[in-house]
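Going down the list, the protein sequences come from chains A and B.
In this text, residue positions in the first sequence follow the working numbering: the first is 15, and each later residue adds one.
In this text, residue positions in the second sequence follow the working numbering: the first is 15, and each later residue adds one.
Note that CB positions come from ideal geometry on N, CA and C, so glycine has one too.
There are 2 protein chains.
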Amino acid sequence: MDRLETRELHYFVAVAEELHFGRAARRIGIAQPPLSRAIRQLERRLGVRLLDRTSRKVELTPAGATLLHEGRKALEAVAAAGRRARRMGRDEPRLVVVTKPGGDGGMLPDILDAYAREPGALPVEPVLCGVGEQAALLRDGRADVGLLHRPYDDMSGFDTEDLRIERPVLIVPRQHRLAGRESVRMRDLEGEPMPRWPNMPDDGSDRPLVRDAAQLLGLITLGRVVAVLPESAQTDLNRELVAVPVSDGQSSTIVVAWPERSSSLAVAAFVRAAVAVAESTVDDHEPSVATISASVSVSSSRASRA
Amino acid sequence: MDRLETRELHYFVAVAEELHFGRAARRIGIAQPPLSRAIRQLERRLGVRLLDRTSRKVELTPAGATLLHEGRKALEAVAAAGRRARRMGRDEPRLVVVTKPGGDGGMLPDILDAYAREPGALPVEPVLCGVGEQAALLRDGRADVGLLHRPYDDMSGFDTEDLRIERPVLIVPRQHRLAGRESVRMRDLEGEPMPRWPNMPDDGSDRPLVRDAAQLLGLITLGRVVAVLPESAQTDLNRELVAVPVSDGQSSTIVVAWPERSSSLAVAAFVRAAVAVAESTVDDHEPSVATISASVSVSSSRASRA
DNA sequence: ACGATCCATACAGCGAGAGTATCAATGGTG
DNA sequence: CACCATTGATACTCTCGCTGTATGGATCGT
Numbered sequence: 015m016d017r018l019e020t021r022e023l024h025y026f027v028a029v030a031e032e033l034h035f036g037r038a039a040r041r042i043g044i045a046q047p048p049l050s051r052a053i054r055q056l057e058r059r060l061g062v063r064l065l066d067r068t069s070r071k072v073e074l075t076p077a078g079a080t081l082l083h084e085g086r087k088a089l090e091a092v093a094a095a096g097r098r099a100r101r102m103g104r105d106e107p108r109l110v111v112v113t114k115p116g117g118d119g120g121m122l123p124d125i126l127d128a129y130a131r132e133p134g135a136l137p138v139e140p141v142l143c144g145v146g147e148q149a150a151l152l153r154d155g156r157a158d159v160g161l162l163h164r165p166y167d168d169m170s171g172f173d174t175e176d177l178r179i180e181r182p183v184l185i186v187p188r189q190h191r192l193a194g195r196e197s198v199r200m201r202d203l204e205g206e207p208m209p210r211w212p213n214m215p216d217d218g219s220d221r222p223l224v225r226d227a228a229q230l231l232g233l234i235t236l237g238r239v240v241a242v243l244p245e246s247a248q249t250d251l252n253r254e255l256v257a258v259p260v261s262d263g264q265s266s267t268i269v270v271a272w273p274e275r276s277s278s279l280a281v282a283a284f285v286r287a288a289v290a291v292a293e294s295t296v297d298d299h300e301p302s303v304a305t306i307s308a309s310v311s312v313s314s315s316r317a318s319r320a
Numbered sequence: 015m016d017r018l019e020t021r022e023l024h025y026f027v028a029v030a031e032e033l034h035f036g037r038a039a040r041r042i043g044i045a046q047p048p049l050s051r052a053i054r055q056l057e058r059r060l061g062v063r064l065l066d067r068t069s070r071k072v073e074l075t076p077a078g079a080t081l082l083h084e085g086r087k088a089l090e091a092v093a094a095a096g097r098r099a100r101r102m103g104r105d106e107p108r109l110v111v112v113t114k115p116g117g118d119g120g121m122l123p124d125i126l127d128a129y130a131r132e133p134g135a136l137p138v139e140p141v142l143c144g145v146g147e148q149a150a151l152l153r154d155g156r157a158d159v160g161l162l163h164r165p166y167d168d169m170s171g172f173d174t175e176d177l178r179i180e181r182p183v184l185i186v187p188r189q190h191r192l193a194g195r196e197s198v199r200m201r202d203l204e205g206e207p208m209p210r211w212p213n214m215p216d217d218g219s220d221r222p223l224v225r226d227a228a229q230l231l232g233l234i235t236l237g238r239v240v241a242v243l244p245e246s247a248q249t250d251l252n253r254e255l256v257a258v259p260v261s262d263g264q265s266s267t268i269v270v271a272w273p274e275r276s277s278s279l280a281v282a283a284f285v286r287a288a289v290a291v292a293e294s295t296v297d298d299h300e301p302s303v304a305t306i307s308a309s310v311s312v313s314s315s316r317a318s319r320a
């Protein structure tokens with residue numbers, strides 16, 4: 015038995031996603047017959063039926079579903095390997111740090127300062143991206159390390175170190191019925207319109223979809239939704255909005271995350287710096303302004319399609 | 015830029031490991047010139063120099079070191095994808111559970127019973143393998159789920175759930191100077207001969223290498239070494255050996271581990287069963303005999319070479 | 001200075017993958 | 001029920017890229 019090639023995996027993933035040979039072939043950019051042959055050869059090589067296909071419909075077998083899932087991960091890993099090697103070979107290697115706007119709890123400037131003082135520190139390129147994109151950037155090799163949020167982000171495949179626990183606060187307009195409360199409970203929020211994040215599955219409800227914090231705060235200001243956010247979100251509130259602690263809401267944790275089994279000294283140094291900053295500011299809660307002055311690279315949103 | 019192929023990665027990993035084109039080519043099974051060209055093409059495609067080579071020596075650039083590290087992971091992922099799909103396609107899919115002898119803390123029989131009662135449970139194939147091999151089996155797709163030990167096993171790349179914390183005990187022969195003590199401290203073990211596990215780097219000392227628990231207990235009985243093990247190891251002691259609690263030793267945790275982002279319902283059910291058993295036996299410490307009556311498949315030791 | 005070692009280059013042969021044309025099976029439709 | 005549209009499979013040919021053999025050129029040891 016010989017090696018499984020990424021070309022074959024790529025072909026298979028396309029067919030498994032489209033469940034249609036013609037469309038898949040068009041998407042890949044080849045004709046349909048070679049695609050049929052490639053899938054057949056893959057099945058012969060694995061000794062396993064991957065797709066049940068008639069001339070009218072194509073569906074995945076259990077083995078095919080497994081290969082789709084595992085194959086996506088494998089292709090991600092291959093692409094990440096190439097990208098990381100390429101980045102590492104550039105004349106001036108950089109450390110790409112990804113987070114979402116406001117997602118650093120105000121710690122990022124201090125962390126960058128602390129990291130810059132580490133011996134052998136690389137230039138840092140902060141990348142701010144949309145909710146749920148950080149993990150993808152980290153997985154496919156476009157970023158080296160990131161500030162993520164548990165339990166909202168999927169940490170599987172990463173090594174992490176906790177930085178800070180954040181209590182949940184309700185963000186509402188100043189004139190909202192709950193705005194004056196000392197604290198609220200989750201039960202008090204029954205019937206309030208909550209937004210839907212890109213992470214979440216579309217449950218058919220008409221909850222408005224928000225992509226980032228600015229958009230969300232805008233919608234809250236307009237009274238269209240309310241939201242429960244980590245306490246560090248207070249930093250960015252305008253004067254139309256107020257924050258009310260949610261006593262029984264789920265706390266979240268800001269973590270620094272990096273690809274599993276990373277061998278990068280730069281990543282290790284960054285993590286050291288981040289942990290040190292988090293520890294030093296543990297009760298020093300005077301959230302500084304989370305202005306990121308460094309250059310912001312716009313990340314093209316190329317998440318995997320359903 | 016087109017796709018990175020696993021063949022190229024495989025070639026590169028071979029050269030990077032051997033640091034010698036001729037040997038690498040022989041290992042792969044091709045002639046040397048095509049290998050040279052493949053590497054050159056890989057470098058051109060990535061736009062990065064991977065190896066600094068003269069006619070007398072070959073060494074890795076930083077980019078090459080990165081690609082070696084990441085490429086190994088990627089090849090592992092590709093191989094795992096193929097293996098898992100193949101296994102899932104077999105007529106009678108099975109759940110392969112890997113642990114090391116005695117490493118289940120006596121919980122495995124109960125877990126297997128509990129799992130068998132889950133709806134849609136698959137036949138289970140327990141695999142007992144040497145120390146440090148579990149993670150490799152889990153990573154390359156030969157196993158679905160395993161019982162591992164933190165902090166001894168490398169958990170990166172796995173999702174885990176803690177099952178039980180184990181306090182450390184010293185295992186010594188009955189007539190050993192420390193055998194009668196109520197408890198000992200790590201300081202008391204100064205100068206005692208400790209074994210070396212396959213995990214550990216060869217530090218040049220003459221500490222005897224042990225591969226499994228039986229071998230270790232044998233050496234202890236002979237008075238050649240002593241060892242600090244998790245408390246569940248007491249179960250397997252013969253009457254020549256006694257266990258003494260180590261008050262300040264490092265506790266370990268038995269965890270159930272499975273590949274990151276697994277989509278397998280069978281794995282999820284097994285984890286549920288394992289957690290339930292661990293919780294139900296939390297203070298019910300009457301360690302049952304860890305006899306594994308099911309068939310044991312011998313795993314060929316094919317760990318990646320240094 | 002000579003030879004051994006080792007990576008790079010030249011050249012030719014072959015096989016895997018891609019395209020075009022066509023067939024066969026299925027399901028909808030008048 | 002006959003006809004047609006859709007879709008995956010097959011046949012055949014061509015081309016590009018990978019491989020092997022032969023050889024060149026550079027470096028180090030003696």
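> List, in order along the chain, the chain A residues whose C-beta lies closer than 7 Å to that of Val-62 of chain B?
Replying inline: Ala-99, Arg-100 and Gly-103
>> Please report the distance separating the alpha-carbon of Ala-247 of chain B from that of Arg-97 of chain B.
In response: 33 Å
> For Asp-176 of chain A, which residues does DSSP report across the bridge?
Replying inline: Its beta-bridge partners are A:Val-269.
>> For Gln-148 of chain A, count the other beta carbons within 10 Å of its own beta carbon; 16 or more makes it buried, fewer makes it exposed. Which is it?
In response: The residue is buried, with at least 16 neighbouring Cβ atoms inside 10 Å.
> In chain order, what residues of the same chain lie with their CB nearer than 7 Å to the CB of Leu-81 of chain A, ignoring the 5 residues before and after it?
Replying inline: Phe-26 and Leu-64
>> Using only CA atoms, which one of A:Val-62, A:Ser-69 and A:Gly-85 lies nearest to Thr-75 of chain A?
In response: A:Val-62
>> So with CB distances below 7 Å, who are the chain B contacts of Gly-96 of chain A?
In response: Leu-18 and Leu-60
>> What does the Cβ neighbour count give for Ser-265 of chain A, buried or exposed, with the cut at 16 atoms within 10 Å?
In response: exposed
> Anyone know if the C-beta pair for Val-281 of chain B and Asp-167 of chain B falls short of 7 Å?
Replying inline: no
> Looking at the structure shown, is Arg-67 of chain A part of a helix, part of a strand, or coil, going by DSSP?
Replying inline: strand
> If you check the beta carbons only, do Glu-22 of chain A and Ala-52 of chain A fall under 7 Å apart?
Replying inline: yes
> Hey, Ala-77 of chain A and Met-102 of chain B: beta-carbon distance below 7 Å or not?
Replying inline: For the 7 Å CB-CB criterion, Ala-77 of chain A and Met-102 of chain B form a contact.
> Looking at the structure shown, is Arg-191 of chain B part of a helix, part of a strand, or coil, going by DSSP?
Replying inline: Residue state, collapsed to three classes: coil.
> Which residues bound the beta strand (DSSP E) around Glu-32 of chain B?
Replying inline: DSSP places Glu-32 of chain B in no beta strand (DSSP E) but in the uninterrupted alpha helix (DSSP H) bounded by 20 to 32.
> In chain order, what residues of the same chain have a beta carbon less than 7 Å from the beta carbon of Arg-181 of chain A, not counting five sequence neighbours either side?
Replying inline: Glu-245, Pro-259 and Ser-265
>> DSSP three-state label for Arg-281 of chain B, please.
In response: The residue you asked about is not Arg; residue 281 of chain B is Val in the sequence shown. Looking at Val-281 of chain B - three-state DSSP - the assignment turns out to be helix.
> Thinking C-beta only, is Val-183 of chain A closer than 7 Å to Ala-288 of chain A?
Replying inline: no
> Which same chain residues, not among the five before or five after Glu-254 of chain B, have their C-beta less than 8 Å away from its C-beta?
Replying inline: Pro-187, Arg-188 and Thr-235
>> Quick check on Ser-277 of chain A: buried or exposed, where buried means 16 or more other Cβ atoms within 10 Å of its Cβ?
In response: Its Cβ having fewer than 16 others within 10 Å, Ser-277 of chain A is exposed.
>> I want to verify the contact list: residues of chain A whose CB lies under 7 Å from the CB of His-83 of chain B, in sequence order.
In response: Ser-277
> When DSSP builds the beta bridges, which residues end up paired with Leu-255 of chain A?
Replying inline: Beta-bridge partners of Leu-255 of chain A (DSSP): A:Pro-187.
>> Just to check my reading of the structure: Glu-139 of chain B and Leu-109 of chain B have Cβ atoms closer than 8 Å, yes? What is that Cβ distance to the nearest angstrom?
In response: 7 Å
> Helix, strand or coil: how does DSSP classify Pro-47 of chain B here?
Replying inline: helix
> What does Arg-108 of chain B touch in chain A if you count any residue whose Cβ is under 9 Å from its own?
Replying inline: Per Cβ cutoff of 9 Å: no residues; Arg-108 of chain B is ~13 Å from chain A at best.
>> Using a 10 Å radius around the Cβ and a threshold of 16 neighbouring Cβ atoms, would you call Arg-319 of chain B buried or exposed?
In response: Its pLDDT being 28, under 50, Arg-319 of chain B is placed unreliably by the model, and the measurement read from it follows with that caveat. So Arg-319 of chain B ends up on the exposed side.
>> Tell me the DSSP secondary structure of Val-291 of chain A in three-state form.
In response: helix
> Is Pro-165 of chain A helix, strand or coil by DSSP?
Replying inline: coil
> Using a C-beta cutoff of 7 Å, does Gly-43 of chain B count as contacting chain A?
Replying inline: Chain A, which has no Cβ nearer than 7 Å to the Cβ of Gly-43 of chain B, makes this no.
> For Val-138 of chain A and chain B, any beta-carbon pair shorter than 7 Å?
Replying inline: no
> With a CB to CB cut of under 7 Å and the five nearest residues on each side skipped, what residues in its chain are close to Ala-88 of chain A?
Replying inline: Leu-23
>> Counting only C-beta atoms, is Thr-174 of chain A closer than 7 Å to chain B at any point?
In response: It does not: the Cβ of Thr-174 of chain A has no partner Cβ on chain B nearer than 7 Å.
> Are the beta-carbon atoms belonging to Ala-227 of chain A and Pro-137 of chain A less than 7 Å from one another?
Replying inline: No, they are not a contact pair.
>> Contact defined as beta carbons within less than 8 Å: I believe Ala-292 of chain B pairs with Arg-178 of chain B. What is the distance between those atoms, to the nearest angstrom?
In response: 5 Å
>> Let me make sure I understand the geometry here. Which of A:Met-208, A:Leu-243, A:Glu-19 and A:Glu-84 has the alpha-carbon closest to that of Gln-55 of chain A?
In response: A:Glu-19
> How many Å lie between Arg-286 of chain B and Pro-133 of chain B at the Cα?
Replying inline: Arg-286 of chain B and Pro-133 of chain B have their C-alpha atoms roughly 12 Å apart.
> With C-beta atoms as the reference, is Arg-225 of chain B less than 7 Å away from Gly-160 of chain B?
Replying inline: At the C-beta level, Arg-225 of chain B and Gly-160 of chain B stay beyond 7 Å of one another.
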